[in-house]
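**Q**
Protein chains in written order, with the UniProt record's numbering: chain A, 1 to 388; chain E, 1 to 388.
(1) Is the CB-CB distance between residue 161 of chain E and residue 329 of chain E below 8 angstroms?
(2) According to DSSP, is residue 373 of chain E part of a helix, a strand, or is it coil?
(3) For chain E, check one thing: does any of its Cβ atoms lie closer than 8 angstroms to the Cβ of residue 149 of chain A?
(4) Which residues of chain E have a Cβ atom closer than 8 angstroms to the Cβ of residue 25 of chain A, listed in chain order?
(5) Measuring straight from C-alpha to C-alpha, what distance separates residue 232 of chain A and residue 100 of chain E?
(6) For a contact meaning CB atoms closer than 7 angstroms, what does residue 400 of chain A contact in chain E?
(7) Using a Cβ-Cβ cutoff of 8 angstroms, what residues of the stretch 283 to 304 of chain E are near chain A? List them in chain order.
(8) Quick one: any contact between the stretch 274 to 294 of chain A and the stretch 344 to 364 of chain A, if contact means 3 or more CB pairs under 8 angstroms?
(9) Going by DSSP, which residues form a beta bridge with residue 14 of chain E?
(10) Report yes if the C-beta distance between residue 151 of chain E and residue 107 of chain E is below 8 angstroms; otherwise report no.
(11) Quick one: grab the DSSP three-state call for residue 74 of chain A.
(12) Return the first residue and the last residue of the beta strand (DSSP E) that residue 357 of chain A is part of.
(13) If the cut-off is 8 angstroms on Cβ atoms, which residues from the stretch 64 to 91 of chain A count as contacting chain E, listed in chain order?
(14) By DSSP's criteria, residue 92 of chain E is part of a beta bridge. Which residues make up the other side?
(15) For residue 309 of chain A, go through chain E and note every residue whose CB falls closer than 8 angstroms to its CB, in chain order.
(16) Find out if the Cβ-Cβ distance for the pair residue 269 of chain E, residue 154 of chain E is shorter than 8 angstroms.
(17) Using a Cβ cut-off of 8 angstroms, pull out every chain E residue sitting near residue 243 of chain A, in sequence order please.
(18) Going by the beta-carbon positions, is the gap between residue 370 of chain E and residue 4 of chain E smaller than 8 angstroms?
(19) By the three-class DSSP mapping on this structure, what secondary structure does residue 152 of chain E have?
(20) Among E:214, E:220, E:209, E:206, which residue has its Cα nearest to the Cα of residue 212 of chain A?
(21) Should the stretch 59 to 74 of chain E be regarded as contacting the stretch 34 to 41 of chain E, the criterion being three or more beta carbon pairs within less than 8 angstroms?
(22) Alpha carbons only, please: which of E:238, E:175, E:246 is nearest the one belonging to residue 193 of chain E?
(23) Check this for me: beta carbons of residue 241 of chain A and residue 144 of chain A, under 8 angstroms apart or not?
(24) Going by beta-carbon coordinates alone, are residue 204 of chain E and residue 191 of chain E separated by less than 8 angstroms?
(25) Among A:299, A:32, A:283, which one has its Cα closest to the Cα of residue 57 of chain A?
(26) Would you call residue 189 of chain E buried or exposed, if buried means 16 or more other Cβ atoms sit within 10 Å of its Cβ?
(27) Just to confirm before moving on: does the CB-CB distance between residue 293 of chain E and residue 249 of chain E stay below 8 angstroms?
(28) Can you check whether the CB of residue 169 of chain A is closer than 8 angstroms to the CB of residue 128 of chain A?
(29) In chain D, what lies closer than 7 angstroms to residue 216 of chain A by C-beta?
(30) Pick out whichever of A:175, A:256, A:196 has its Cα sitting closest to the Cα of residue 14 of chain E.
(31) What are the boundary residues of the beta strand (DSSP E) that includes residue 240 of chain E?
(32) Near residue 51 of chain A, what residues of its chain come up, given a Cβ to Cβ distance below 7 angstroms and the 5 sequence neighbours on each side ignored?
(33) Any beta carbon from chain A within less than 8 angstroms of residue 180 of chain E's own beta carbon?
(34) Which residues does DSSP list as the beta-bridge partners of residue 160 of chain A?
(35) Can you list, in chain order, the residues of its chain with a C-beta nearer than 6 angstroms to that of residue 148 of chain A? Leave out the 5 residues immediately preceding and following it.
(36) Within its chain, find whatever has a CB closer than 6 angstroms to the CB of residue 376 of chain E; leave out the 5 residues flanking it on each side and keep chain order.
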C-alpha cells in the first residue's frame, strides 16, 4: 500500500427531501448572489428548477442563470459563466444536474479568480489557486463529480477533452436525493452505471501490492452496480436501486478506492479521445472500451487480479484455471453492459477506422497511459481497432 | 437506506514517515503550546516519544505532558489534563497512542471549555460545544478513535464506562504510520482486530432495508481483518498486514459503514459493563460476547443476513439451508477469534456469575439496547449467562 493523504471534505446530504438544507448551506459558505448552472430541461420537467428558485427567493438569495450545459461541457459555457459572475458580483456557484453541470460549475468557480482564458487552467498553462464556493444538487448517478476534485471540459475546436484534478475544485456540499434520478432515461442510467463501474475498475486493477482493503471495497461497489442497475432500468422509481447507485457514484471516485494505490487510469484517457472527436456519451465509450482493454492487458502478470475479479465480483468458481476465470469475467463484464442496453463496439456508436490513429496519438501525447500496464500509442491503437 | 449527512473531516496522513507533517499540521490549527497525551512506555520503547519531542523542539512548539493514560481511560486523567492545559494556557492537544489516549485527549480538549466537572459531559448533564484543536498519532489499530467523533471514558468509582459521540470531538488530523504498530504485542493485536471486526459487525447486521452498498463495504473490511490479523501475529513487522489493519480500524467506524443505517449497537454496550466492572480488555470482551450475541439474535427475521455473512465473509457454500450456513458462520467467527488467541468465555477472563444481573441492568438502564434486535435486561442477562 502506498502512502496517502486522505481528504474528503465535501459535506453530503443524502436522501429524500435533503434539499431543505440548501439555503442554509449556501449561507454557511458566504453565498448571497448565486449562479445556477444546469443542463437541459430535465430539472424543469421534474420540478426541481422551480423548487430551487422558490428556496432561493424565500431566503433572499439572488439568482443568475446559466442553462444549456452540454453533456460534454464546453469551454465556451465556462467563459460565459465566468462573465456572468463577474458582471454581477456573484459569490456562489450552484450546479444542479449531472457531472457535466458540476464539472462546468467547477471551472467557472476557479476561472472567476483567474484573469486570463480559463482553458489555460485545463491545459496546465496556469494553476487553479482559489475558487468561488461551489455546491451541487445531483440528478444523475455517474461521474462522482459531486464529491471529487476533478473537472472534465471539452474544447471541440481543438478536439480536446481534458480532465483536471485540483483540491480547490471539490464542492463544499452536495445534495444527493435519489428521487431526483427517477426520471433519468434508460440510456443515461445505463451509461452512468458504466461510468461508476469504470471508475471502480480503473482503481481496482493495480500494480500496487497489498492494497487489499481498497480492492475489497471496490468489489463491494461493483457488486452494488451489478445488483441495482438492472432494477433501476426495470423499475425507475425504485428508491433503493437509485440510492445505491447514487452513493456508489460518489464513493467510486472520492478517493476511497484510490488512496494507497496509483491514480493513473487507462480507459478514461482512451475514451476522452472518442468523446473529443465524436461527442459520444462518455459512459457508452467506457462500456465499449473496458472489456477490450481487459483482454489486451490480461497476461501472466495480471491474471491473478482478473481471477479475483471473476470470483469476488462475478461469483465464478475458484477451482478453474486462472485464465479461464479471467476470460469468463471479461465476458461477464461485456454481457452485463450489453444487458443494460449499452453498445459493445465502436461501430455501434458510428465510429469507424478514420480517426483511430490520430486519436491513439492524442491519447498518448504526454507518454504512455495507465500504470497497470502502461499503454503506448500502438497499444491504444490496437485496443481501438479490436473494439471496432 | 436511511437519510444521512456525511461528514468525515479528519485529515489522514497514512504511511511510513508521515510524521514529517506533524509540526506543520499543529501550526495550521493554531497550535503552539501542546499537551502530549500518551499511555504507557510503548511509545518510548519504539522511539516515537523522542521523535515527537525532537520535532516539537525543532519547530519551537512548547510541550507539556500527560502520560500514563490507562487502557480504559479514567475521568481522573481527563481532569488532570484539563488542569495542565488551563494552568499553562495550552492551545493544542496531541494524543500519541491507541484509542485510550485519543479518547482521553478528546475529552480533555472538550472539557477545557467547560467550566464544571468533565464527567458531566459524559453523562449528558452538559453538552460539548467547543474543543481545543486535537491531533493524533496512532500506535494501535483498534478503536478507530483517530477518525471518529467518539470518546469512551471510565469512572471506576461509579462502575461506569460511557461512550459519548459529538461532532466537535473529531480529530483535526491523524498520522497513521503502520510501522508504529510493529511492536504491538500479540494480545493487543488480536484484541484490536476483534474491536475493528465488532465495529463492522455492529454496522453490518441491520434492520434497514436496502443499505446494500454499506453491507458490501463492511464485508470488505471483515475479509481484510480475517486475511491480515493472522499475518500480523505471525510476522509483526509485515507492513501490508499492519497497513491493512490500520486503515480498516479507521474505516470501520468513521461513518462509511453506518451512513444510511441505524447506529444503535448491541455488543458494545454489553461489553462496556464488563470493562466497567472488571477492567478487562475491550476487544477481548467483544470477542467473547459477539458469537453468543449472534446465536441469541439468530431467528427467522435475521437468518438471511447471517446467510449473507456466511457466504460473503466466510466463503461458505450458498446452497445449504440458511440456518446451517448461519450457524457455521457463527462458529467460524468464534473459531477465528480463538485462533488469534482471544478468550471465548467470560470465565476465561475471570468473570463469574456474581455481577451478571447488575451488569445487565446497568447495560439497559436507558431502555433496550441495539436496533437489530432490541435487547431487554433479561436478554442481556441471558447472553452474559450463555457466555459464562
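The beta-carbon is built from N, C-alpha and C at its ideal position, and this holds for glycine as well.
**A** According to the structure shown:
(1) Cβ distance not < 8 angstroms, so residue 161 of chain E and residue 329 of chain E don't count as in contact.
(2) If DSSP states are grouped into helix, strand and coil, residue 373 of chain E belongs with coil.
(3) Closer than 8 angstroms: no.
(4) Correct list: empty, because the minimum Cβ distance to chain E is about 11 angstroms.
(5) Residue 100 of chain E has its alpha-carbon roughly 45 angstroms from the corresponding atom of residue 232 of chain A.
(6) Summary: the structure shown does not reach residue 400 of chain A, with chain A confined to residues 1 through 388, and so no result is reported for it.
(7) So the list is empty, because no residue satisfies the distance condition.
(8) Yes, since at least three Cβ pairs between the stretch 274 to 294 of chain A and the stretch 344 to 364 of chain A fall closer than 8 angstroms, the two stretches touch.
(9) Answer is A:4, E:176, bridged to residue 14 of chain E.
(10) Contact check for residue 151 of chain E against residue 107 of chain E passes: the beta carbons are separated by less than 8 angstroms.
(11) Assigned with DSSP and collapsed to three states, residue 74 of chain A falls in strand.
(12) According to the DSSP assignment, residue 357 of chain A belongs to no beta strand (DSSP E) but to the alpha helix (DSSP H) extending over 356 to 363.
(13) Hits within the stretch: zero.
(14) Bridge pairing for residue 92 of chain E: E:34 [DSSP].
(15) Here the premise fails: no neighbours, minimum Cβ distance about 14 angstroms.
(16) Going by C-beta atoms, residue 269 of chain E is not nearer than 8 angstroms to residue 154 of chain E.
(17) Chain E residues near residue 243 of chain A: 1, 210, 260.
(18) Contact flag unset, no.
(19) Looking at residue 152 of chain E - three-state DSSP - the assignment turns out to be strand.
(20) The option with the nearest alpha carbon to residue 212 of chain A is E:220.
(21) Contact between the stretch 59 to 74 of chain E and the stretch 34 to 41 of chain E is present: three or more C-beta pairs spanning the two stretches fall below 8 angstroms.
(22) The residue with the shortest Cα to Cα distance from residue 193 of chain E is E:246.
(23) Their beta carbons are not under 8 angstroms apart, which means residue 241 of chain A does not touch residue 144 of chain A by this criterion.
(24) For residue 204 of chain E and residue 191 of chain E, no; Cβs fall outside 8 angstroms.
(25) If we check each option's Cα against that of residue 57 of chain A, A:32 comes out closest.
(26) With 16 or more other Cβ atoms within 10 Å, it is buried.
(27) Taking 8 angstroms as the Cβ cut-off, residue 293 of chain E and residue 249 of chain E do not qualify as a contacting pair.
(28) Yes.
(29) You won't find chain D in this structure, because its protein chains are A and E.
(30) For the residues A:175, A:256, A:196, the minimum Cα distance to residue 14 of chain E belongs to A:256.
(31) For residue 240 of chain E, there is no enclosing beta strand (DSSP E); the enclosing alpha helix (DSSP H) has its first and last residue at 239 to 251.
(32) Same-chain partners within the cutoff: 19.
(33) So, not an interface residue.
(34) Residue pairing by DSSP places residue 160 of chain A opposite A:155 in a beta bridge.
(35) For residue 148 of chain A, where only same-chain residues beyond five positions count, the Cβ hits under 6 angstroms are 253, 254.
(36) So the qualifying residues of the chain are 368.
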